[in-house]
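Asks: Protein chains in written order, with this note's numbering: chain C, 66 to 386; chain A, 42 to 335.
I have a structure here, written as structure tokens, and I will follow up with some questions on it.
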Ligand SMILES: Cc1ncc(C[n+]2csc(CCOP(=O)(O)OP(=O)(O)O)c2C)c(N)n1
Ligand SMILES: [Mg+2]
């Protein structure tokens, strides 16, 4: 009998892209080590385990200890990459706060299975609060790349960055947004499509949906700019202000609670610099449920038509001042 | 008695006199700091003082008394609320000025209420949330071994702290990874914040728990400095597993009205007359008492 194949362990998910990139990066980065809590098969870390077994550390189902251990390993000069599902990173937020961020340790926390993208495992497994929680920790950089190509670049940027990073990957096969040649820089948003009526600012799986929404809007003669905001913190405040200046209306889209994540970060930047109407696409302060990711995205209003509808609401507010 | 054994005996006496002096100075400066701060945790600082004195005075290899040497031994105070004693033992060792324990909890100083590694690098990590320092120490032991650094790592935990689930995650982890370069010490003073351990959440059979988790466990009187020395030597000679030293102590040790009384856990505001009595019982000189209380 052959081994069961892992559902969605396909080559085009963000987690797989992360795992492959990390294994390659480790070839030239001796200090890189990886920490797992019994889910390397699901986080993409199995690639690293296979390529660098002596640098792969197993902690069992004990995330709080693993998180703080990473801080200790970093204190000896190693660069620990600690991985688990996003929802279990929430379990160790306080360890990330004290033993990593407060102590300024060079640890990378990589969280797979964020948001409704988790799918059938259901509400208990769908982290909708992680961006908010980790963003609120002083000194923590927070990333949520959009596609496999960008994930590989972001993995390198995170590993080579000196300081604690929280990065979301993703479970499901991800749509391709970038061809080769994309340049990823921490702290910089990227305009994927220009437009002048409204700006759609998205991260993670919502970037591909925002691009689709821009096409829907174009069919109605609405010119939408699309920004991939893969760095949630530090937010690219200059770009956010520029988009407000040049388009006068903004929609944020994320697979996360509308409280405290990308939408919160964008809104905070706007009220400081140049307020304009903002509409938020995300979970409206509710938990998810079991279902296929696409079904859930539709039910919880994360898909392109919902982003387009939010854009029209923002436009209306812009016009009626 | 032969001349050689007499010399050895005199050497030993000198070591013990020195450790006794470090322990006394540690207790005095910890209490002075807590008095000046107007808050802080005296009970668990006093119960840990002999352990800290032996660790820093005889066991830890910390060249130059700084955190600069990558091959130094590491000590992590996982029960971070005993910071007054940690700063005090450093001062007693001459690693920092007396001003460090005496500025405890003051705004704008490095003497944070709980050890912060960015302010005082000898803290090795930042603690205060119970359970975490132990895990960080495990990470240090793993990291050092991975890089073939022969240094040893020590962590001190409170008994109440051992109610944290993370401690037992760490206990499993250190044993699983065979971290013989790690030695944990529990300041087993039988009290925690509100009451006795036994009334809050009993720990017994305590040594048996650690043994069942795969540790080499040694039980000692945590105020018997010769016993502490011997236990640490036994830990260093244990090559297949981590060691836990379960040190039976008295919370508030050395100050008559504090001993074994939950009230003095903290965070307390010490009155001048209480402080004067405490410092006198701890053997502080009249000059020191006057200077510290000014
Ligand atoms: C995770 C966490 N929970 C609660 C506290 C608050 N707290 C500080 S000290 C303490 C009691 C600790 O008792 P023990 O570990 O026995 O320390 P000791 O008796 O040596 O002072 C508590 C509950 C804390 N610092 N960290
Ligand atoms: Mg206690």
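All C-beta atoms, glycine included, are put in the ideal place defined by N, C-alpha and C.
Just to check, is the beta-carbon of residue 320/A closer than 7 Å to a non-hydrogen atom of ligand 4?
Replies: Because ligand 4 does not appear in the structure shown, any question about it cannot be addressed here, the ligands present being ligand 1 and ligand 2.
Asks: Given a threshold of 16 other Cβ atoms within 10 Å of its Cβ, counted over all protein chains shown, does residue 387/A qualify as buried or as exposed?
Replies: The requested residue 387/A is not part of the displayed model; chain A covers only 42 to 335.
Asks: Got a sec: which bits of the region 301–332 of chain A sit with their beta carbon under 8 Å from any beta carbon on chain C, in order along the chain?
Replies: From the region 301–332 of chain A, no residue has a Cβ closer than 8 Å to chain C.
Asks: Check residue 238/C in the structure and name its three-state DSSP category.
Replies: The sequence position of residue 238/C within the first chain is 173, counting from 1. Correct three-state label for residue 238/C: strand.
Asks: Run through the DSSP bridge pairs and tell me what residue 122/C is partnered with.
Replies: Working through the first chain from its first residue, we reach residue 122/C at position 57. DSSP lists 100/C as partners of residue 122/C.
Asks: Does DSSP put residue 153/C in a helix, in a strand, or in coil?
Replies: Locating residue 153/C in the first chain gives position 88, where the first residue counts as 1. In the structure shown, residue 153/C sits in a helix (DSSP, three-state: H, G or I).
Asks: Just curious, the beta strand (DSSP E) that residue 319/C is in, first and last residue?
Replies: Here the question's residue 319/C lines up with position 254 in the first chain. Here the beta strand (DSSP E) through residue 319/C covers 315–322.
Asks: Alpha carbon to alpha carbon, what distance is there between residue 154/C and residue 292/C?
Replies: In the first chain, counting from the first residue as 1, residue 292/C sits at position 227. In the first chain, counting from the first residue as 1, residue 154/C sits at position 89. The alpha-carbon atoms of residue 292/C and residue 154/C are separated by roughly 27 Å.
Asks: List, in order along the chain, the chain C residues whose C-beta lies closer than 9 Å to that of residue 187/A?
Replies: On the second chain, position 146 is the one that residue 187/A refers to. Here the neighbours are 98, 119, 120, 122, 138, 141 and 143.
Asks: Nearest to residue 139/C by alpha carbon, out of 287/C, 313/C, 235/C and 224/C?
Replies: For the purposes of this step, residue 139/C is taken as residue 74 along the first chain, with counting starting at 1. Looking at the Cα atoms, 224/C is the closest of the given residues.
Asks: When DSSP builds the beta bridges, which residues end up paired with residue 232/A?
Replies: Indexing the second chain from 1 puts residue 232/A at position 191. Residue 232/A is bridged to 237/A.
Asks: State yes or no: is the C-beta of residue 129/A within less than 8 Å of the C-beta of residue 74/A?
Replies: Here residue 129/A refers to the residue found at position 88 when the second chain is read from its first residue. Here residue 74/A refers to the residue found at position 33 when the second chain is read from its first residue. Result yes, Cβ atoms of residue 129/A and residue 74/A sit closer than 8 Å.
Asks: Please look up how many angstroms separate the CB atoms of residue 265/C and residue 279/C, rounded, as I've assumed it's under 8 Å.
Replies: Locating residue 265/C in the first chain gives position 200, counting from the first residue. Locating residue 279/C in the first chain gives position 214, counting from the first residue. The pair is a contact, with the Cβ atoms about 6 Å apart (cut-off 8 Å).
Asks: With a threshold of 8 Å between beta carbons, is residue 150/A in contact with chain C?
Replies: Here residue 150/A refers to the residue found at position 109 when the second chain is read from its first residue. No, residue 150/A lies away from the interface with chain C (no Cβ there is under 8 Å from its Cβ).
Asks: Along the chain, where does the alpha helix (DSSP H) containing residue 303/C start, and where does it finish?
Replies: Locating residue 303/C in the first chain gives position 238, where the first residue counts as 1. Residues 302–312.
Asks: Looking at the C-beta of residue 322/C, does it have a partner C-beta in chain A at a distance below 8 Å?
Replies: Position 257 of the first chain holds residue 322/C. Not one chain A Cβ lies under 8 Å of residue 322/C.
Asks: Only counting the same chain, and skipping five residues up and downstream in sequence, which positions put a Cβ closer than 8 Å to that of residue 80/C?
Replies: Along the first chain, one-based indexing puts residue 80/C at 15. So the qualifying residues of the chain are 107, 108, 109, 177, 178, 234, 235 and 236.
Asks: I'd like to know whether the C-beta of residue 183/A is nearer than 8 Å to at least one C-beta of chain C.
Replies: Taking the second chain and counting its residues from 1, one reaches residue 183/A at position 142. Closer than 8 Å: yes.
Asks: Consider the C-beta atom of residue 263/A and the heavy atoms of ligand 1; say whether any pair is separated by less than 7 Å.
Replies: The sequence position of residue 263/A within the second chain is 222, counting from 1. Not under cutoff, so the answer is no.
Asks: Name the chain A residues that come within less than 7 Å of residue 169/C, Cβ to Cβ?
Replies: Within the first chain, the letter at position 104 stands for residue 169/C. Those within 7 Å of residue 169/C in chain A are 159.
Asks: Suppose you measure from the CA of residue 280/A to the CA of residue 248/A; what does that come to, to the nearest Å?
Replies: Along the second chain, read from residue 1 onward, the residue named residue 280/A stands at position 239. Along the second chain, read from residue 1 onward, the residue named residue 248/A stands at position 207. Distance between the alpha carbons of residue 280/A and residue 248/A: 19 Å.
Asks: Return yes when the C-beta of residue 230/A is under 7 Å from any heavy atom of ligand 2, and no when it is not.
Replies: Residue numbering aside, residue 230/A sits at position 189 when the second chain is read from its first letter. Yes, the Cβ of residue 230/A comes within 7 Å of a heavy atom of ligand 2.
Asks: Around the C-beta of residue 67/A, are 16 or more other C-beta atoms found within 10 angstroms, so that it is buried, or is it exposed?
Replies: For the purposes of this step, residue 67/A is identified with residue 26 of the second chain, where counting begins at 1. Its Cβ being crowded by 16 or more others within 10 Å, residue 67/A is buried.
Asks: Are the beta-carbon atoms of residue 263/C and residue 380/C separated by less than 8 Å?
Replies: Within the first chain, numbered from 1, the residue matching residue 263/C stands at position 198. Within the first chain, numbered from 1, the residue matching residue 380/C stands at position 315. Cβ atoms of residue 263/C and residue 380/C: closer than 8 Å.
Asks: What do you reckon, is the C-beta of residue 123/A under 7 Å from a heavy atom of ligand 1?
Replies: Within the second chain, numbered from 1, the residue matching residue 123/A stands at position 82. Because some heavy atom of ligand 1 lies under 7 Å away, the Cβ of residue 123/A counts as near it: yes.
Asks: Residues of chain A with CB closer than 9 Å to the CB of residue 164/C, please, in chain order.
Replies: Position 99 of the first chain, counting from 1, holds the residue named residue 164/C. Result: 166, 167, 168, 170, 173, 174, 176, 177 and 180.
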